[in-house]
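The structure appears below as structure tokens.
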Amino acid sequence: MERPSPARDRYFMKNALNISLRGIGNTWPNPSVGVVVVKNDQIISRGWTQPGGKPHAEIVALKKKIFFGATLYTTLEPCSHHGKTPPCVDQIIKSKINRVVIGLKDPNPKINGKGIKKLKKKKIKVTIGVLQKKIKKIHFGFFYKIKKNKPFIASKIAISKNGKMINPKKEWITSEASRKYGNFLRSKYDAIITGINTVLKDNPLLNCRHYGMENLSPVRFILDSNLRIKENLKIVKTAKDIRTYVFTNKNNKEKIMKLKKLGLKIKILSKNLEKIDLKKAMFVIAKMGFNNVLLESGPNLNSAFLKNNLINKIYYFQSNNIIKSNEITLMESLKKKRIENLNFKHLSSKNINGDILKIYEK
Numbered sequence: 268m269e270r271p272s273p274a275r276d277r278y279f280m281k282n283a284l285n286i287s288l289r290g291i292g293n294t295w296p297n298p299s300v301g302v303v304v305v306k307n308d309q310i311i312s313r314g315w316t317q318p319g320g321k322p323h324a325e326i327v328a329l330k331k332k333i334f335f336g337a338t339l340y341t342t343l344e345p346c347s348h349h350g351k352t353p354p355c356v357d358q359i360i361k362s363k364i365n366r367v368v369i370g371l372k373d374p375n376p377k378i379n380g381k382g383i384k385k386l387k388k389k390k391i392k393v394t395i396g397v398l399q400k401k402i403k404k405i406h407f408g409f410f411y412k413i414k415k416n417k418p419f420i421a422s423k424i425a426i427s428k429n430g431k432m433i434n435p436k437k438e439w440i441t442s443e444a445s446r447k448y449g450n451f452l453r454s455k456y457d458a459i460i461t462g463i464n465t466v467l468k469d470n471p472l473l474n475c476r477h478y479g480m481e482n483l484s485p486v487r488f489i490l491d492s493n494l495r496i497k498e499n500l501k502i503v504k505t506a507k508d509i510r511t512y513v514f515t516n517k518n519n520k521e522k523i524m525k526l527k528k529l530g531l532k533i534k535i536l537s538k539n540l541e542k543i544d545l546k547k548a549m550f551v552i553a554k555m556g557f558n559n560v561l562l563e564s565g566p567n568l569n570s571a572f573l574k575n576n577l578i579n580k581i582y583y584f585q586s587n588n589i590i591k592s593n594e595i596t597l598m599e600s601l602k603k604k605r606i607e608n609l610n611f612k613h614l615s616s617k618n619i620n621g622d623i624l625k626i627y628e629k
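Everything in the sequence shown is counted per this note's numbering, starting at 268 for the first residue and increasing by one.
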């Protein structure tokens with residue numbers, strides 16, 4: 268076995284990190300972990316978390332083979348408990364791996380250092396914390412869900428130069444290039460949330476339409492307090508192909524039965540409330556296993572999410588168009604002048620065919 272070298276560890280962990288990106292948005296309730304197995308300074312096997320969170324990256328990389336004297340690099344601590352899959356540490360031990368390099372300790376209370384202890388008990392050398400800052404960014408939604416009991420939420424906002432999010436002429440606000448980029452974002456999130464007003468007005472599909480990426484469409488959540496959803500909508504017609512939930516406060520048994528037959532999954536949140544309790548809804552979504560969620564909606568729901576301090580990141584697509592409308596702008600409803608006044612940091616700006624995409628994060 269090679270003598271451990273910090274530079275070598277960073278190089279191979281970067282490979283594991285890059286591989287982990289392949290599963291982003293498609294592995295909930297688990298994070299997308301990347302693994303490489305190295306011997307004689309060569310990557311001899313690799314793996315990443317598969318759709319639905321199983322099998323785990325370690326199992327994919329090891330494939331029940333023997334890797335005597337090799338080093339395994341993994342972005343997250345291997346699991347040590349029996350869940351839907353056997354413990355990954357057991358497979359590592361069986362594979363005769365000599366050393367394990369871990370990017371981050373798993374914050375899940377079921378693991379949180381137990382996998383590391385089990386490896387050390389079997390005399391396997393363990394190194395922890397390689398590229399941990401970069402890896403934490405990749406797994407942040409998973410960590411955030413465990414710590415806060417709510418998913419990491421990003422909002423995609425398309426807005427005119429004068430701050431309008433709705434065009435009365437029903438024309439696109441942003442360019443085709445911006446819309447393609449926004450559609451691509453859906454593939455990187457576990458789920459997408461919208462409100463019933465957006466569904467009724469726009470009749471959207473909320474899927475990923477890029478060629479070859481259709482199976483990466485996120486799970487869809489519709490917030491519909493009074494169960495106004497209609498059976499002829501695109502989102503209903505495709506509910507058997509793309510998992511779709513409706514959160515409501517109305518227990519209309521007859522309508523719920525019809526909607527369920529069409530493939531929709533209905534969850535009644537709070538029968539006594541007029542509006543959806545957003546904090547409760549996000550708690551439920553986190554308990555269902557979703558780590559990273561994309562909000563696509565109009566100004567009212569965006570304003571409600573922001574007022575409840577539920578948005579962590581904003582993709583702000585601003586066009587050069589001026590839209591004539593009496594609609595109150597998002598910032599007017601929040602009584603703020605700029606996104607930065609909401610304690611968001613401006614991370615980057617990018618020109619997309621004349622539109623400006625600004626990314627903000629808390």
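All C-beta atoms in this analysis are idealised placements derived from N, C-alpha and C, irrespective of residue type, glycine included.
(Q) Please give the ranges of any alpha helix (DSSP H) in the segment 275 to 360, keeping only runs that are unbroken, at least 4 residues long and fully inside the region. (A) Qualifying alpha helix (DSSP H) stretches, in chain order: 324 to 329.
Q.
Excluding the 5 residues flanking Val-368 on each side, which residues of the same chain have their C-beta closer than 6 angstroms to its C-beta?
A. Closer than 6 angstroms at the Cβ level, and outside the excluded window around Val-368, lie Asp-276, Tyr-340, Thr-394, Val-397.
Q: Go through its chain and collect everything with a Cβ distance to Gly-380's Cβ below 7 angstroms, but skip five positions before and after it.
A: Excluding residues within five positions, the ones whose Cβ falls inside 7 angstroms are Lys-372.
Q.
Using only the alpha-carbon positions, how far apart do Ser-287 and Asn-482 sit?
A. Whole-angstrom Cα-Cα distance: 18 angstroms.
Q.
Can you tell me whether Val-486 is helix, strand or coil according to DSSP?
A. In the structure shown, Val-486 sits in a strand (DSSP, three-state: E or B).
Q: Report back the beta-carbon spacing between Ile-606 and Ile-581 to the nearest angstrom; my notes put them in contact at under 8 angstroms.
A: At roughly 6 angstroms, the Cβ-Cβ gap stays under 8 angstroms, so Ile-606 and Ile-581 are in contact.
Q.
Nearest by alpha-carbon distance to Pro-374: which of Ser-600, Lys-390, Leu-343, Asn-282 is it?
A. For the residues Ser-600, Lys-390, Leu-343, Asn-282, the minimum Cα distance to Pro-374 belongs to Leu-343.
Q. What residue from Asn-493, Lys-542, Asn-618 has the CA that sits closest to Ile-523's CA?
A. The candidate whose alpha carbon is nearest that of Ile-523 is Asn-493.
(Q) Between Thr-461 and Glu-563, how many whole angstroms is the CB-CB distance? I'm expecting something under 8 angstroms. (A) Confirmed, Cβ separation roughly 5 angstroms.
Q. If Pro-588 sits next to Lys-428, beta carbons under 8 angstroms apart, how far is it from one beta carbon to the other, in whole angstroms?
A. Sequence check: residue 588 is Asn here, not Pro. Rounded, the Cβ-Cβ distance is 6 angstroms, consistent with contact.
(Q) Suppose you measure from the CA of Ser-570 to the CA of Met-549; what does that come to, to the nearest Å? (A) Rounded to whole angstroms, the gap between the alpha carbons of Ser-570 and Met-549 is 16 angstroms.
Q: Over the uninterrupted alpha helix (DSSP H) stretch that includes Tyr-448, give me the two end residues.
A: Segment 443 to 453, the alpha helix (DSSP H) holding Tyr-448.
Q: Identify whether Ala-421 lies in helix, strand or coil by the three-state DSSP scheme.
A: In the structure shown, the three-state DSSP call for Ala-421 is strand.
Q: With DSSP collapsed to three states, give me the class of Val-397.
A: Coil at Val-397, not helix or strand.
Q: Round the Cβ separation of Val-560 and Ala-425 to the nearest angstrom and send it over; I've been treating them as touching at under 8 angstroms.
A: Contact annotation, Val-560 with Ala-425: C-beta distance approximately 18 angstroms; criterion of less than 8 angstroms not satisfied.
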